[in-house]
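Report on one structure; see the data block that follows.
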Amino acid sequence: MIQETSTSEIQHREYLADPSQDPRIGLIEQLIQDCGDILVYNISFERGKLNNLIEVFPEYSNELRGIMNRLKDLMIPFQKKWYYTPEMKGSYSIKSVLPALVPELSYNDLEIKEGGTASNTFLSMVNGTFEGDVKETRKQLLEYCKLDTYAMVKILEKLLQV
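So for the sequence shown, my numbering puts the first residue at 7; every next one is plus one.
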């Protein structure tokens, strides 16, 4: 999701690499093109992945460090218990926070319902072990990613109302 200015509409943008190629360079180039703050849920995980890219592609280290500086962690208010509601059931994972704050959004209707499955599915497509319908599964991955990013936008909107 991209928002050019604080008053402009949020636009959905997506990137899912061609699984027949090494997806990392394309991802790096896409990340470099976009500007502004990057809303994430669990900054440690995202920084770890960016550091892994720096190790493999040191020629992009300045750009990737710049991206790391733009990360904003939506998990912090929940992790630090600055915001809590019993519907979160003691958990600050996005899968607990989303139904508590934005119950009208749900992963239940998706074929791919969580990040681990999405990652493993894409990895199997990249390494050639995937046996399903690549075109349909790619569509399912994009649907999951779209909801995941939209969920963060809606959670942020709820926090801004407090």
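For each residue, glycine too, the CB sits at the ideal point set by N, CA and C. Every value quoted in this text rests on a predicted model; they were computed, and no experiment measured them.
Same chain, Cβ closer than 6 Å to residue i, five either side skipped, listed in chain order
| i | result |
| --- | --- |
| Pro29 | Ala23 |
| Glu61 | none |
| Glu69 | Ile38 |
| Leu129 | none |
| Ile49 | Leu77, Asp79 |
From the options, residue whose alpha carbon lies closest to that of residue i
| i | options | result |
| --- | --- | --- |
| Leu77 | Asn133, Val108, Asp40 | Asp40 |
| Thr135 | Gln17, Glu15, Pro25 | Pro25 |
| Ile100 | Asn57, Phe84, Ala124 | Phe84 |
| Phe179 | Gly122, Glu142, Lys141 | There is no way to answer for residue 179, as the model of the chain reaches only from 7 to 168. |
| Met74 | Met94, Asn57, Lys86 | Asn57 |
| Gln27 | Lys141, Glu142, Lys55, Met131 | Met131 |
| Glu20 | Lys164, Ser97, Tyr150 | Tyr150 |
Residue i classed as buried or exposed, judged by whether at least 16 other C-beta atoms fall within 10 angstroms
| i | result |
| --- | --- |
| Asp43 | exposed |
| Leu166 | exposed |
| Asp139 | exposed |
| Leu80 | buried |
| Leu111 | exposed |
| Ile16 | exposed |
| Leu107 | buried |
| Thr127 | buried |
| Val168 | exposed |
CB contact below 7 Å: residue i versus chain B
| i | result |
| --- | --- |
| Ser112 | Absent from the structure is chain B; it holds one protein chain and no more. |
Close Cβ partners of residue i (< 8 Å) along its chain, the five nearest in sequence each way excluded
| i | result |
| --- | --- |
| Ile34 | Leu59, Phe63, Tyr66, Glu69, Leu70 |
Proximal residues to residue i (C-beta, below 7 Å), its chain only, five neighbours per side dropped
| i | result |
| --- | --- |
| Met158 | Leu45, Tyr47, Leu80 |
| Val103 | Phe84, Met94, Ile161 |
Subject >> Contiguous alpha helix (DSSP H) assignments of at least 4 residues, all confined to the segment 59–126 >> reply: 67–75, 82–85, 100–107
Original post:
Is the segment 115–125 touching the segment 143–153, taking contact as three or more C-beta pairs under 8 Å?
Top reply: yes
Subject >> Unbroken stretches of the alpha helix (DSSP H), 4 residues or longer, contained in the segment 8–48 >> reply: 30–39
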